[in-house]
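J.: Numbering (the UniProt record's numbering), first residue to last: 1 to 136.
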Amino acid sequence: MATHATMPVRRRTRPTTPAHHGRTALSWAMPLVLGVILGFWAFFIKRDGGTTTDGQIWLGVISGVAFAALCYALVRVRWSLPRELRAAAYGVLTGGAIGFLYSLHGNSVLASGLLGLVLAAGMTCTMFYAYYTRED
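#1: On a CA-only basis, which of 91, 69 and 90 is nearest residue 32? Give me that one, please.
#2: Taking Cβ positions, are residue 42 and residue 59 nearer each other than 7 Å?
#3: Just the C-alpha distance for residue 136 and residue 123, rounded to the nearest angstrom, thanks.
#4: Among residues of its own chain, excluding the 5 on either side of residue 128, which ones have a beta-carbon nearer than 6 Å to its beta-carbon?
#5: CB-CB under 6 Å to residue 110, same chain, minus the five flanking residues each way: which ones, in chain order?
#6: Which stretch, first to last residue, makes up the alpha helix (DSSP H) that contains residue 25?
#7: On the three-state DSSP scale, how would you describe residue 70?
#8: Which stretch, first to last residue, makes up the alpha helix (DSSP H) that contains residue 85?
#9: Quick one: Cα of residue 97 to Cα of residue 77, how far?
#10: With burial defined as no fewer than 16 other Cβ atoms inside 10 Å of the residue's Cβ, what is the status of residue 90: buried or exposed?
#11: Out of 92, 44, 52 and 112, point me to the one whose CA is closest to residue 67's CA.
#12: Going along the chain, which residues of its own chain have a beta-carbon closer than 6 Å to the beta-carbon of residue 103, five neighbours each way excluded?
#13: Suppose you measure from the CA of residue 61 to the CA of residue 54; what does that come to, to the nearest Å?
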């Protein structure tokens, strides 16, 4: 009596980091949109329904530009980082942004730092899980 054995199948492997990562329109459009959102958010928090001042406008512009620049820098270097550091970088960026916005409400530095730390830890765990389950 003959037995049937399945033969192992060779699968093609694609490179994990193509040379053109970070060179698409989305690599600069997404940080730009996030920077605009954060800038407007910071502006409206400081405005608090009152009149608009130059300081509030500059706060929104500078915080939006800084956040967009940090996002763009992270997008450019993310594939050169191991998955643990990449996840931690996204966590630090998220926690710092939310902690900054929370501090604009007039909350204490301790409360803002604690909220930023909790959200940074959550984002780090989420991104690590996403990278760990989708990469080789």
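We treat Cβ as the ideally placed atom computed from N, Cα and C, and that holds for glycine.
Remember, it's a predicted structure, so these values are computed and weren't measured experimentally.
T.: Concretely, from the data shown:
#1: Stepping through the sequence shown from its first residue, residue 32 is reached at position 32. The residue with the shortest Cα to Cα distance from residue 32 is 69.
#2: Residue mapping note: residue 42 aligns to position 42 of the sequence shown, counting from 1. Residue mapping note: residue 59 aligns to position 59 of the sequence shown, counting from 1. Yes, they are a contact pair.
#3: Counting from one through the sequence shown, the residue named residue 136 turns up at place 136. Counting from one through the sequence shown, the residue named residue 123 turns up at place 123. Cα to Cα, the separation comes out at about 21 Å.
#4: Locating residue 128 in the sequence shown gives position 128, counting from the first residue. Within the same chain, residue 128 has close Cβ partners 87.
#5: Here residue 110 corresponds to residue number 110 of the sequence shown, with the count starting at 1. Nothing meets the Cβ criterion.
#6: As a working note, residue 25 is residue 25 in the sequence shown. That residue, residue 25, is in no alpha helix (DSSP H); it is neither H nor E in DSSP.
#7: As a first step, residue 70 must be located in the sequence shown, where it is residue number 70. Helix.
#8: One-based indexing of the sequence shown puts residue 85 at position 85. Looking at the DSSP string, the run of the alpha helix (DSSP H) that includes residue 85 is 83 to 103.
#9: Here the question's residue 97 lines up with position 97 in the sequence shown. Here the question's residue 77 lines up with position 77 in the sequence shown. Going by the C-alpha atoms only, they are around 19 Å apart.
#10: The count along the sequence shown starts at 1 and reaches residue 90 at position 90. Residue 90 comes out buried.
#11: The residue given as residue 67 occupies position 67 in the sequence shown. The candidate whose alpha carbon is nearest that of residue 67 is 92.
#12: The residue given as residue 103 occupies position 103 in the sequence shown. Counting only Cβ-Cβ distances below 6 Å, and skipping sequence neighbours, we find 112.
#13: The residue labelled residue 61 in the question sits at position 61 within the sequence shown. The residue labelled residue 54 in the question sits at position 54 within the sequence shown. Roughly 11 Å separates the two Cα atoms.
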